[in-house]
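Report on the structure given below.
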Amino acid sequence: MTPSSSIASPGAAPAHDEHHDHPNYLVDGTTIKSWLLTVDHKRIGLMFLFWVLLFFLVGGIFAMLIRLELLTPGPTIMDAMTYNRTFTLHGLVMIFLFMIPAIPAVFGNFMLPLMLGAKDVAFPRLNLLSLYIYLGGAMLALWGMLNGGLDTGWTFYAPYSTHTTTTVAPVLFGAFIIGFSSIVTGINFIVTVHTMRAPGITWFKMPLFVWAIYATSCIQVLATPVIGLLLVLVTVENLFGFGMFDPARGGDPVLFQHLFWFYSHPAVYIMVLPAFGVMSEIVASFSRKNIFGYRAVAYSSLGIAFVGFFAWGHHMFVSGQSTFVGGLFGVLTMLVGVFTAIKVFNWVGTVYKGAVDFKTPFAYFCGFLFFTVFGGMTGIALGTVSLDVPWHDTYFVVAHFHFIMVGATIMAFLAALHYWFPKMFGRTYHEGWGLVSAALIILGFNATFIPQFLLGNNGMPRRYYEYPERFQALNVASTAGASLLAFGFVIIACYLTYALFYGRAAGKNPWRSKGYEWLTESPPPTHNFVGPQPTYPEEPHFYVDPKKAEVPDAV
Amino acid sequence: MQSSASTADGTVAPVPRLAMHFASLEVQNHAARLGMWLFLATEILLFAGLFICYGCYRFLFPEAWAASSRSLDLTMGTVNTIVLITSSLTAALAVHYAKEGKNRMVAIQIFLTLLMAVGFLVIKYFEYSHKFHIGTLPGRYYFYEGIQLPGAPMYFTVYFCATALHGLHVIIGMVVLTFSMVRALRRADFGPNNYTMVELGSMYWHLVDLVWIFLFPMLYLV
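These protein sequence lines are chains A and B, in that order. Residues 163 to 717 in this note's numbering are what the first sequence lists, from first letter to last. Residues 89 to 310 in this note's numbering are what the second sequence lists, from first letter to last.
And the structure:
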């Protein structure tokens, strides 16, 4: 690892910069090699976007298959074993291949250097390496999924995962490799934030998205090694039977659960903190108002990252831990709610009396706020030990984490995709279709998961292949909602692909946003800036001087 | 970018190249060091997971732990500890000489480090083969009659997982240090401004050493 050696990127010799145009990063080098071996953070971000979307499609197809199977109480389209494999693969693909890299590796990669006034991330070659590690792990995991698949659920609890006859080892080892990608990205971003800030960007003038990515990276760096070790231990256990988590050999399966959730609970914040960051940008941009409570939002990101490490026990309320420990974890869980509420109030404070420009990203912000608040509130309810016991392993939990973790993240991912689409590709999409699909997706998401809250509350357990007759109506409703959701995604895919090729030229800053990333061209040139190092005299999203704003009707 | 400081006569000045996206050389070196510290943090957490397993099972099987620990060869373990700590000294000296630009001494110190690393692995090999011979093996492979306490196979599961993972890190550390050694011999361009590569390799080696300093009492001195 020698970051001291310089990076090699085509067409960037100093003499070249003086008297030629500054081609944007999309056209600066058009060969396949110039993409595959690029060290430009923007191109790496785009390649991540491509793969992440592909895996989202794969995971989405699995989700639709699950919903179709659950349309009738008995067998519908697949047998029980296939069903077990399908929901496992849905979880694994969506979590490890889509949600964890979705916002950090795509938008973090693309925007972080732009927001810090840097020419690239600290370690560009490691950045490219993280893409290939990710793809290598993904290929191994997918190979294992296609050659048998596993039926353990994405949580692969021991001792079942070490004894099942399905293909556990390659999939888990693939996830282990993907973990390295996550760690490398995290280290890269932390070092970038520490060392690459442009003159004028102090810690408390960093865009809030950067704060969120920074907090996320801290979790990635500190939590991922633990699941890495656990994945290796379970793989070895599955292949050789060392007995580490096998009760027959004195092993303790609850130890497995502790180690598993020590990563996998903070992993929830790896998925949702970047979403919070995206929304902090979008809410200021589209309310055309300075950020309300900047420091509170920045600190609460770090707070969530910190407290998130001490809440894992709430996944294990029924695994035999003492009532005292259960209560303790319950209280720590609610602290996460406190930090999230601080964010929510500040976002609402930003919108309050702002000049809201109700574009597609803002529509997603509204959906996001709804999912975060209601998903979060059900989280507080689940964090209460006495309430969790009856709800444990029911569809209530499934609906809860889809609301907060998936709902919030998907809203933010789509909002980011629309908000930064002109930045990334220099083109605009069709606003009307954007709003229509946003409405479809938000409605579809609710229609999918609100019935699942009710199902869980009525006692339907998760991961079951068959269910009693009386649950059918709600299951049909949920499947109908999922179809609406899928339809929304198809519309997005259509108009964004169209916009990619035929969209109107966007201009430098179509949203008139005052985020730092909009100070440069759209799409940005290869090294992000033309000419000397830009300086940043104002804080991000500085739309109006607060002193002037205090005068009535000044805004 | 590409400011490799090539002078007119084609000789390369012994300064590291400044990548185009960093503000200055100090910042670049600081970034590299910070990145390495973060990476070391991930390594510590990797081993922390195993330490948790160790603590949990030692609490569950204290007698088996004590008996199994006594079946290890304390002399070999102690010799290995001394070898590894000494190798950390030579690794640190390599950084010292790199700062002074004495590239030959850098290569010699790293070579000594590698030699001791090999020694460590050889001793470890003898310990391992002895265990394979008498049957103090993990889980279902355990067939040693000397200790029949519940939990003894678990001790050797933890023992083999921990020492094998550590051994893997020894090998990775050796590869990393070899790169520095080859560079000190071939290009001989380490100097007061350019010693980050040796420093980072040495930091990694200290971590490998540090992990062993924890593993030794935990496994051998129960």
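Beta carbons are placed, not taken as given, at the ideal position from N, Cα and C, and that holds for glycine. Treat the numbers as computed from the prediction; the structure is a model and nothing was measured.
| Query | Result |
| --- | --- |
| For ALA377 of chain A and LEU681 of chain A, the rounded distance between their alpha carbons | 24 Å |
| ALA320 of chain A versus PHE407 of chain A: straight-line alpha-carbon distance, rounded | 6 Å |
| Contacting residues, own chain, Cβ-Cβ under 7 Å from SER159 of chain B (five flanking each side not counted) | THR224, GLY234, ILE235 |
| Rounded Cβ spacing between GLU593 of chain A and THR522 of chain A (contact assumed at less than 8 Å) | 6 Å |
| Cutoff 8 Å: LEU307 of chain B Cβ touching any chain A Cβ | no |
| Neighbourhood of ALA240 of chain B by C-beta, 6 Å cutoff - its chain only, sequence neighbours within 5 removed | ALA152, SER156 |
| Stretch pair the segment 492 to 511 of chain A + the segment 694 to 707 of chain A: three plus CB contacts closer than 8 Å | no |
| Pairwise C-alpha distance: TRP197 of chain A and MET586 of chain A | 15 Å |
| Cβ separation of THR201 of chain B and THR178 of chain B, assumed to be a contact under 8 Å, to the nearest whole Å | 5 Å |
| Residues in the segment 130 to 148 of chain B having any Cβ partner in chain A nearer than 9 Å | THR130, GLU131, ILE132, LEU133, LEU134, PHE135, ALA136, GLY137, LEU138, ILE140, CYS141, CYS144, TYR145, LEU148 |
| Within 8 Å, strictly: CB atoms of SER175 of chain B and MET193 of chain B | no |
| Segment contact flag, the segment 298 to 313 of chain A with the segment 241 to 253 of chain A, C-beta cutoff 8 Å, min 3 pairs | yes |
| Short Cβ contact (8 Å threshold) for GLY132 of chain A with PHE501 of chain A | This structure leaves residue 132 of chain A out entirely; chain A is present only between 163 and 717. |
| Which listed residue (A:HIS203, A:THR571, A:HIS580, A:ALA385) has its alpha carbon closest to that of PRO436 of chain A | A:THR571 |
| Contact with chain B by THR357 of chain A, beta-carbon distance below 8 Å | yes |
| Any chain B beta carbon closer than 8 Å to PRO387 of chain A | yes |
| Residue environment, ILE260 of chain B, which counts as buried when at least 16 other CB atoms sit within 10 Å | exposed |
| Any C-beta of chain B under 8 Å from that of LYS281 of chain A | yes |
| Rounded distance between the beta-carbons of TRP595 of chain A and ILE542 of chain A, thought under 8 Å | Actually they are not in contact, since the Cβ atoms of ILE542 of chain A and TRP595 of chain A sit about 37 Å apart, beyond 8 Å. |
| With 16 other Cβ atoms within 10 Å as the buried cut-off, status of CYS656 of chain A | exposed |
| Exposure of TYR705 of chain A, with buried meaning 16 or more beta-carbon neighbours within 10 Å | buried |
| Near-chain B residues of the segment 404 to 420 of chain A - C-beta to any C-beta below 8 Å | PHE404, GLY405, MET406, ASP408, ARG411, GLY412, GLY413, ASP414, LEU417, HIS420 |
| CB contact check: VAL353 of chain A to chain B, cutoff 8 Å | yes |
| Backbone secondary structure at ARG589 of chain A - three-state DSSP | strand |
| Sheet register partners of TYR667 of chain A (DSSP bridge) | Note on identity: in this sequence residue 667 of chain A is Ala, with Tyr being the wrong assignment. Per DSSP, A:ARG589. |
| Nonlocal neighbours in the same chain, by C-beta distance under 6 Å from THR697 of chain A, ignoring five residues either side | PRO361, GLY362 |
| Where PRO241 of chain B meets chain A, residues with beta-carbon distance less than 9 Å | PHE404, GLY405, ARG411, GLY412 |
| Option nearest PHE575 of chain A by Cα separation, candidates A:VAL440, A:MET240, A:PHE565, A:ASN246 | A:VAL440 |
| Residue burial classification, SER112 of chain B (beta-carbon count within 10 angstroms, cutoff 16) | exposed |
| Residues, ordered as in the chain, of the segment 322 to 345 of chain A that lie near chain B by beta-carbon distance below 9 Å | ILE345 |
| LEU188 of chain A versus A:PHE649, A:GLN614, A:HIS427, A:PRO584, residue with shortest Cα-Cα distance | A:PRO584 |
| Cα-Cα separation between SER217 of chain B and ALA410 of chain A, rounded to whole angstroms | 27 Å |
| Which listed residue (A:ILE194, A:ARG205, A:LEU215) has its alpha carbon closest to that of LEU579 of chain A | A:LEU215 |
| Rounded straight-line distance, which links the Cα of TYR581 of chain A to that of TYR526 of chain A | 10 Å |
| Interface flag, ALA242 of chain A vs chain B, CB-CB below 8 Å | no |
| Reference LEU256 of chain B; option with closest CA among B:TYR292, B:VAL270, B:MET124, B:ALA276 | B:TYR292 |
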